[in-house]
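Undergrad:
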Amino acid sequence: MSKNIIVIGAGIVGASIAWHLAKAGAEVTVIADSAAGGVATPNSFAWINASWGNPEIYFRLRTRSMAEWSRLARDVPGLPLAWCGGLCWDLPAAKLEAYASEHSAWGYGMERVDRARAARIEPNLAELPDFALYVPGEGVAEPVAATRALLTDAERRGARILAGAAVTALAQTNGGVVGVDTSS
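The numbering of the sequence shown is the working numbering, which starts it at 10 and goes up by one.
(1) Exposed or buried, Y67, counting other C-beta atoms within 10 Å across all chains shown (16 or more means buried)?
(2) Where do the ends of the beta strand (DSSP E) carrying Y143 lie?
(3) Quick check: the Cα distance between S60 and H112, rounded to an integer number of angstroms?
(4) Please specify which runs of the alpha helix (DSSP H), each continuous and at least 4 residues long, are wholly inside the region 23-106, giving them in chain order.
(5) Quick check: what's the CA-CA separation for A163 versus V22?
(6) Smallest Cα separation from W92: which of E151, G173, T38?
(7) Nearest by alpha-carbon distance to I130: which of A109, C97, L160 is it?
(8) Where does W28 land, buried or exposed, given buried means 16+ other C-beta within 10 angstroms?
(9) Pick helix, strand or coil for R169, following the three-state DSSP scheme.
(10) Have a look at the DSSP bridge pairing and note the partners of A178.
(11) How long is the line joining the alpha carbons of T191 and T182, rounded to whole angstroms?
(12) Does the region 74-86 come within contact of the region 132-145, defined as at least 3 CB pairs closer than 8 angstroms?
(13) For my contact list, D42 and G188 are in at a C-beta cut-off of 8 angstroms; report their separation, rounded to the angstrom.
(14) Which residue marks the beginning of the alpha helix (DSSP H) containing A127, and which one marks its end?
(15) Suppose you measure from the CA of R157 to the CA of M119; what does that come to, to the nearest Å?
(16) Alpha carbon to alpha carbon, how far is A180 from S193?
(17) Which residues mark the beginning and the end of the beta strand (DSSP E) in which G148 is found?
See below:
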């Protein structure tokens, strides 16, 4: 790939785009008006899961995303991930059981755990549920550190990072974008 590509923003999405493009051989420039992580990324819960309230097709997308995080962990040095599992109990018992039945039928590896097992999984809970659902395959990323790791590895692969510059306009020729104007 010999394309020159500008990525606007250095949050987790921009960092991921830049990393994937740099890995594919593109000449990438990331322009960000804020530090790595941007505005939304530092406020992310960063729970890597395929849980809760979505139709099966979205569940499938999320399980693919979980697999992609695993692949990224192999490819990006220092990517801060913990596959610590998820413990869920925040629904009434009947809804929790229905959720478990639905997601188990879709192949989501979860198990019903009692109060004692929940305490072993998460010993710092102030109040223990009578039962919970445990999904050992869920994890968490440290979002800003993950963003930095992606940007650092993108730079190692040839990407340029321009921090402290805001994109103010798109430069166009014959109806196509050919560049950007920045604040600095």
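Every residue gets a Cβ at the ideal spot worked out from N, C-alpha and C, and that includes glycine.
TA: Based on what the coordinates show:
(1) Locating residue 67 in the sequence shown gives position 58, where the first residue counts as 1. That one is exposed.
(2) Here residue 143 refers to the residue found at position 134 when the sequence shown is read from its first residue. Element bounds for Y143: 140-144.
(3) Numbered from its first residue, the sequence shown carries residue 60 at position 51. Numbered from its first residue, the sequence shown carries residue 112 at position 103. So the two alpha carbons sit approximately 8 angstroms from each other.
(4) Here the runs fully enclosed are 65-84.
(5) Translated into positions along the sequence shown, residue 163 becomes position 154. Translated into positions along the sequence shown, residue 22 becomes position 13. In this structure, the straight-line span from the alpha carbon of A163 to that of V22 is close to 13 angstroms.
(6) Numbered from its first residue, the sequence shown carries residue 92 at position 83. Among E151, G173, T38, the Cα nearest to that of W92 belongs to E151.
(7) Along the sequence shown, read from residue 1 onward, the residue named residue 130 stands at position 121. That would be C97, whose Cα lies nearest to the Cα of I130.
(8) Mapped onto the sequence shown, residue 28 falls at position 19. So W28 counts as buried.
(9) Here the question's residue 169 lines up with position 160 in the sequence shown. In the structure shown, R169 adopts extended strand secondary structure according to DSSP, grouped into three states.
(10) Stepping through the sequence shown from its first residue, residue 178 is reached at position 169. DSSP lists D190 as partners of A178.
(11) In the sequence shown, residue 191 corresponds to position 182, counting from 1. In the sequence shown, residue 182 corresponds to position 173, counting from 1. Straight through space, the alpha carbons of T182 and T191 are spaced by roughly 17 angstroms.
(12) No: fewer than three Cβ pairs fall under 8 angstroms.
(13) Taking the sequence shown and counting its residues from 1, the one referred to as residue 42 is at position 33. Taking the sequence shown and counting its residues from 1, the one referred to as residue 188 is at position 179. Not a contact, Cβ separation roughly 17 angstroms.
(14) Residue 127 sits at position 118 when you count from the first residue of the sequence shown. It spans 124-130 - the alpha helix (DSSP H) in which A127 sits, taken as one unbroken run.
(15) If you number the sequence shown from 1, residue 157 lands on position 148. If you number the sequence shown from 1, residue 119 lands on position 110. Approximately 32 angstroms between the Cα atoms of the pair.
(16) As a working note, residue 180 is residue 171 in the sequence shown. As a working note, residue 193 is residue 184 in the sequence shown. When the Cα atoms are used, A180 and S193 turn out to be separated by approximately 15 angstroms.
(17) Taking the first residue of the sequence shown as position 1, residue 148 is located at position 139. 148-150 is the span of the beta strand (DSSP E), which, as asked, contains G148.
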